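Sequential numbering of the sequence shown, starting at 140, is according to our numbering.
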Amino acid sequence: MRTDDAALIEESWRRPEAFAALYDRYFGDVYRYVAGRVGAQVADDLAAETFVVAYGKRATFDPGRGAVRAWLFGIATNLVAQHRRSETRRLEALRRTPAEDGTDDGHEDRVAARLLAAGARGRLAAELRRLPDHDRDVLLLVALADLNYEEVAQALDIPSGTVGSRLNRVRRKLRAALGGADPAIGGTDD
């Protein structure tokens, strides 16, 4: 039987090695989220630092406020915010990167979709860079970390209704900036 996350935090006060179970459970998720925000080169350090910070702040964890997973993503989001200039430089470089040639496996639909997505990549990166930090955080916690609205609300310490309204607003902005194109599926909103 899997031990409850909050119980592991409590147990870590008596047996510090108990915290390692949380690392084992959530490092991959945190790493993928951080890598999507700042790139793989920095993600190892920031994901690991997330757990170092969590271990040091485990006394502040309140199970009444939500799950350990969302708490960890809140810490990761704060660490990413400290590296915001690096993220901005990365998005600017992505914007300037030329599109790929689209020669994937020869399947016409996949090639067409990849070309459309590659063509929109620079515009998408520029638009992501222009978003206010609080809007970008909501979008990327949903898109990269696969958090639900409640988890995002806990991670950012905002009401879940605010998560929904920010996400809706950001999606509309990005869709409009891309001319109605959805680079994930290669279509438009007609």
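A virtual CB, placed ideally from N, CA and C, is assigned to each residue, including glycine. Predicted model, so just to flag it, every value in this text is computed and none were measured.
Helix, strand or coil: how does DSSP classify residue i here?
i: Trp210; result: helix
i: Gly319; result: coil
i: Arg268; result: helix
i: Gly205; result: coil
i: Asp183; result: helix
i: Pro298; result: coil
i: Lys196; result: coil
i: Arg133; result: Given a span of 140 to 329 for the chain in the structure shown, any question on residue 133 remains unanswerable.
i: Arg314; result: helix
i: Val309; result: helix
What residue does the alpha helix (DSSP H) around residue i start on, and which one ends it?
i: Leu147; result: 144-150
i: His273; result: 272-282
i: Arg171; result: 159-177
i: Glu290; result: 288-295
Quick check on the burial criterion: 16 or more other C-beta atoms within 10 angstroms. Buried or exposed for residue i?
i: Gln293; result: buried
i: Ala315; result: exposed
i: Thr189; result: buried
i: Thr242; result: Any answer about Thr242 is weak, because its pLDDT of 46 lies below 50 and its placement is not dependable; what the coordinates show is given next. It counts as exposed.
i: Glu266; result: buried
i: Arg154; result: exposed
i: Trp152; result: exposed
i: Asp144; result: buried
i: Ala198; result: exposed
i: Leu213; result: At residue 213 the sequence reads Gly, which differs from the Leu that was named. Its Cβ being crowded by 16 or more others within 10 Å, Gly213 is buried.
Write down the C-beta distance between residue i and residue j rounded to the nearest angstrom, noting that I regard them as a contact closer than 8 Å.
i: Ala186; j: Phe166; result: 6 Å
i: Tyr194; j: Ala284; result: The Cβ separation is near 20 Å, so there is no contact.
i: Val207; j: Ile148; result: 7 Å
i: Ala220; j: Asp272; result: 7 Å
Quick one: is the Cβ of residue i within less than 6 Å of any heavy atom of the ligand NAD?
i: Gly303; result: The model depicted lacks the ligand NAD and carries no ligand whatsoever.
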